[in-house]
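Remarks on the structure that follows.
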Amino acid sequence: MAYESVKVEKPLSLILLPILSVFTFFSAWELIVDTGIVPSTMLAAPSAVIKLFLIKLTDPNPDGAILAAHAWTSGKEAFIGYLLSLAFGLPLGLLMGWFTVVRGLARPIFELIRPIPPIAWIPLTIFWFGIGIEGKVFIIWLGGVVPCVINAFVGVRMTNPTLIQMARTYGASDWQIFVQLCIPSALPMVFGALQIALVCCWVNLVGAELLAADQGLGYLISMGRRLALPDMVVLGMVCVGFVGAVIGYAIERLECRLLAGIRR
Amino acid sequence: MKSADYASSQYICLERDNMNTPKIVCQNISKIFIQKGTQRVHVLQDISLEVRDNEFLVILGPGQCGKSTLLRIIAGLETPSEGTVLLDGQTVTKPGPDRGLVFQSYMLFAWRTVMGNVEMGPKLNGVPKAERRKIAQHYINLVGLQKFENHYPHQLSGGMKQRVGIARAYANGPQVMLLDEPFGQLDAQTRIFMEQETERIWQTEKRTVLFVTNNIDEAIFLADRIVSLEGKLPGRMASVYDIDLPRPREHTDMKFLHLRQMITDASTLTL
């Protein structure tokens with residue numbers, strides 16, 4: 003076709019301004035702590051956090067594990083909970099969107115459970131599972147299921163009704179319409195769910211680990227509080243943010259590749 | 165043209181059986197919609213018409229006169245409030261593969277290629293892959309989209325999208341083609357070209373066609389017969405015109421212009 007690819011330069015301000023803002027933010031933070039405006043017992047300076055980061059790469063003291071082990075534990079819990087919430091929430095949401103029976107049965111229970119924050123389940127999960135991985139996976143799963151169900155449900159409900167009629171004129175059965183029309187139509191919303199559910203899972207992971215854990219990034223934060231080490235608290239926070247951002251970026255790339263055909 | 169056999173064989177038999185009976189009969193069709201729970205909107209009133217086998221019938225009328233509703237009733241997507249639609253003597257109650265529908269807004273599957281869209285009908289009905297590919301390819305060629313089989317709808321122009329819509333309807337092997345303002349979204353030049361293409365396609369593979377339009381030129385250019393509806397609700401039959409101009413027709417032919425004048429004068433538009 004008569005399309006030529008043209009390289010468009012990103013405006014210089016969009017490259018320089020983010021660098022400037024990040025640089026200013028960290029310098030100000032460092033200065034506030036170094037000059038003693040905020041005492042170092044209340045907030046750790048970036049330099050202290052970096053120093054601790056380098057130490058924690060190899061030293062399991064004082065909290066019992068090196069940083070990689072914490073990140074690995076958290077990542078494993080979050081990943082299992084996340085996958086389980088996708089495996090359960092997406093099919094349920096999709097089916098609720100198309101089949102009246104499923105909607106009628108599942109909706110009231112879902113609406114009752116949905117407003118309860120997953121963190122509120124922590125005491126019960128400690129009764130049930132102790133402080134092992136199962137309890138945390140359960141909390142993470144609860145947090146991830148809700149956006150999965152809602153997005154998949156809405157995605158199916160938003161299927162163009164004329165397309166459904168069109169499929170009917172071609173003799174498609176209910177199940178064929180669901181599989182070949184509603185699910186592809188819902189895909190953009192489903193991919194939105196992958197992102198939102200990940201955030202929910204990750205947030206609930208930290209919540210769960212703050213209260214019931216013996217390892218993990220959330221545990222690192224709570225140990226930092228107990229040992230009165232603000233640099234450890236901040237390090238834990240930074241790691242949670244960084245790992246979450248990396249996973250989010252990976253999912254976005256995946257979505258771009260899978261949905262290439264649908265983009266207009 | 166071996167691959168055409170699948171679609172055309174069934175209708176040839178029917179043609180022999182029903183040489184003189186009409187293909188579609190609409191008997192006293194009325195339609196009342198209930199809007200917002202309580203409001204009654206009378207859309208169609210007492211429409212009776214017969215469509216002959218392999219006839220190109222155009223339903224002509226301005227916007228909001230119920231012509232699309234009439235087509236949707238014949239398609240089986242709406243039920244008439246009164247009256248019945250008979251297809252080959254059988255009452256129409258729901259959509260079926262014997263009627264292929266082409267929508268104004270294309271209605272293609274954005275996530276499927278041209279081939280994937282055209283082979284949809286046979287695929288849904290369980291035709292094996294090799295065979296449905298052959299059928300689809302035949303109709304893709306018929307509408308002039310060869311080399312575009314692997315393109316996605318967003319890579320096509322409006323005219324090409326509607327060609328896909330027409331090929332898709334044909335590929336399902338319908339006896340009747342129902343086209344609902346298929347070229348309403350196209351620019352004027354593409355529209356005229358697509359009208360010529362429609363005529364060519366119809367001449368190559370004849371079907372009974374019901375074509376809804378608001379464009380008088382388009383109606384005269386394509387129709388064996390024009391049924392015009394009144395320009396206000398409820399839609400009633402205004403008049404029927406037999407168009408016996410030789411095909412292909414010329415928009416500037418004197419007889420064409422004369423007919424155009426006559427139909428324009430007869431249509432009353434009340435704002």
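Residue numbers (our numbering), protein chains in the order written: chain A, 3 to 266; chain B, 165 to 435.
For every residue, glycine included, the Cβ atom is placed at its ideal position computed from N, Cα and C.
The structure presented is a predicted model; accordingly, all values stated were derived computationally and were not measured.
Integer-rounded CB distance, given that residue j should sit under 8 Å from residue i
i         : j         : result
THR277(B) : ASN336(B) : Contact flag wrong, Cβ pair sits at about 17 Å.
GLY399(B) : LYS258(B) : About 23 Å; that fails the 8 Å criterion.
VAL148(A) : CYS202(A) : 7 Å
LEU309(B) : ARG327(B) : 5 Å
THR411(B) : GLU219(B) : The sequence given here has Arg at residue 411(B), not Thr. Not confirmed; about 13 Å, so no contact.
ILE221(A) : ALA230(A) : This sequence places Tyr at residue 221(A); Ile is not what is there. Incorrect: roughly 16 Å between the Cβ atoms, too far for contact.
PHE112(A) : VAL151(A) : 6 Å
ILE238(B) : VAL307(B) : Incorrect: roughly 23 Å between the Cβ atoms, too far for contact.
GLN268(B) : PRO317(B) : Incorrect: roughly 15 Å between the Cβ atoms, too far for contact.
VAL189(B) : PHE375(B) : About 18 Å separates the two Cβ atoms, so there is no contact after all.
GLY272(A) : VAL10(A)  : In this structure chain A extends from 3 to 266, so residue 272(A) is not present and cannot be described.
PHE357(B) : ILE384(B) : About 17 Å; that fails the 8 Å criterion.
THR416(B) : LEU386(B) : About 16 Å separates the two Cβ atoms, so there is no contact after all.
MET271(B) : LEU165(A) : 6 Å
Cutoff 8 Å; reference residue i; Cβ partners in own chain excluding five residues on either side
i         : result
ALA430(B) : SER392, ALA402, SER403
THR255(B) : THR248, VAL249
PRO62(A)  : ILE68, ALA71
Same chain, Cβ closer than 6 Å to residue i, five either side skipped, listed in chain order
i         : result
ARG371(B) : MET341
PRO338(B) : ASP262, ARG263, GLY264
MET98(A)  : VAL104, ARG105, ALA108, PHE155
ALA46(A)  : PRO232, ASP233, VAL236
TRP100(A) : VAL158, PHE180, CYS184
CYS229(B) : LEU393, GLY395, GLY399
GLY145(A) : PRO120, CYS202, CYS203, ASN206
ASN331(B) : Per the sequence shown, residue 331(B) should be read as Ala rather than Asn. Here the set comprises VAL282, TYR303, ILE304, VAL307.
ILE34(A)  : VAL40
GLU211(A) : GLY218, GLY220, TYR221
Simplified DSSP assignment, three categories, for residue i
i         : result
ASN192(B) : strand
GLU214(B) : strand
GLN209(B) : strand
THR127(A) : helix
LEU102(A) : It should be noted that the sequence gives Thr, not Leu, for residue 102(A). In this structure, THR102(A) counts as helix in the three-state DSSP scheme.
PRO93(A)  : helix
GLU113(A) : helix
GLY218(A) : coil
LEU350(B) : coil
ARG255(A) : helix
LEU237(A) : helix
ILE17(A)  : helix
GLU156(A) : Contrary to the premise, residue 156(A) reads as Val rather than Glu in this sequence. Three-state DSSP puts VAL156(A) in a helix.
TYR334(B) : helix
GLN228(B) : coil
ILE238(B) : helix
ASN206(A) : helix
ILE118(A) : coil
PRO186(B) : coil
GLU136(A) : helix
VAL147(A) : helix
SER23(A)  : helix
TYR172(A) : coil
SER431(B) : coil
THR161(A) : coil
7 Å CB neighbourhood of residue i in its chain, flanking five on each side removed
i         : result
ASN192(B) : ASP210, SER212, GLU246, GLY247
CYS177(B) : Note that CYS177(B) has pLDDT 45, beneath the 50 cutoff, so the model's placement of it is unreliable and the number below is only indicative. Counting only Cβ-Cβ distances below 7 Å, and skipping sequence neighbours, we find nothing.
ALA333(B) : GLY264, LEU265, VAL266, MET341
GLY250(A) : GLN197, LEU200
THR233(B) : LYS195, VAL207, LEU208, GLU242
ILE135(A) : GLU79
LYS293(B) : none
LEU54(A)  : ASP233, MET234, LEU237
PHE197(B) : VAL205, VAL207
PRO186(B) : GLU214, VAL215, ARG216
VAL245(A) : ALA73, GLY77
Beta bridge counterpart(s) of residue i as assigned by DSSP
i         : result
GLY198(B) : The residue asked about is misnamed: residue 198(B) is Ile in this sequence, not Gly. DSSP output for ILE198(B) lists ARG204(B) as bridge partner(s).
GLU246(B) : SER194(B)
MET223(B) : The sequence given here places Ile at residue 223(B); Met does not occur at that position. BP columns for ILE223(B) point to VAL376(B), VAL391(B).
LEU343(B) : VAL266(B), PHE375(B)
THR255(B) : LEU250(B)
Beta strand (DSSP E) runs contained entirely in the region 375-418 of chain B, provided each spans 3 or more residues: 389-393, 401-406
4 or more residues per run - each alpha helix (DSSP H) lying fully within the region 266-329 of chain B: 278-282, 284-288, 293-306
Which runs of the alpha helix (DSSP H) spanning at least 4 residues fall entirely within the region 40-79 of chain A, listed in chain order? 48-58
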